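In this note's numbering, the protein residues as written are 265 to 387.
Written as structure tokens, this is what we have:
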């Protein structure tokens, strides 16, 4: 039901997923797209989808909007490749704004320590 709407936004969402490595990204959606699709104004327009290693890792079955977005993202090969690179949180708020956060854990500091040790040994 909402898949065709999400497919319209998918190219921009994919770009924002890539850009999320440098900070949270925000995309404002057109409210009328969703209202024309048959949802009432009082429908639950809020959700959070957590992607871990290219899979949805939280329960979103209670929201058709979230389920259809997750399906559209996972069925698109280019978007799936980006999702496989880490952990992402996609949130829709009541103002029809999607926030995309890259929540991939940062590398452990021991890599930096070993690089510093190698520099000290080289001197």
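From the three backbone atoms N, C-alpha and C, an ideal C-beta is built for every residue, glycine too. Owing to the predicted nature of the structure, the values given are computational and were not obtained by experimental measurement.
Pairwise C-beta distances place the region 348–366 in contact with the region 279–291, as three or more of them are shorter than 8 angstroms. Within the model, the alpha-carbon separation for residue 343 versus residue 385 is close to 43 angstroms.
With 16 or more other Cβ atoms from the protein chains shown falling within 10 Å of its own Cβ, residue 330 counts as buried. Annotation: the continuous beta strand (DSSP E) that includes residue 366 extends over 361–366. Fully contained in the region 292–356 are the following alpha helix (DSSP H) runs of length 4 or more, in chain order: 295–300, 328–339, 341–347. In this structure, residue 316 places its C-beta atom within 8 angstroms of the C-beta atom of residue 351.
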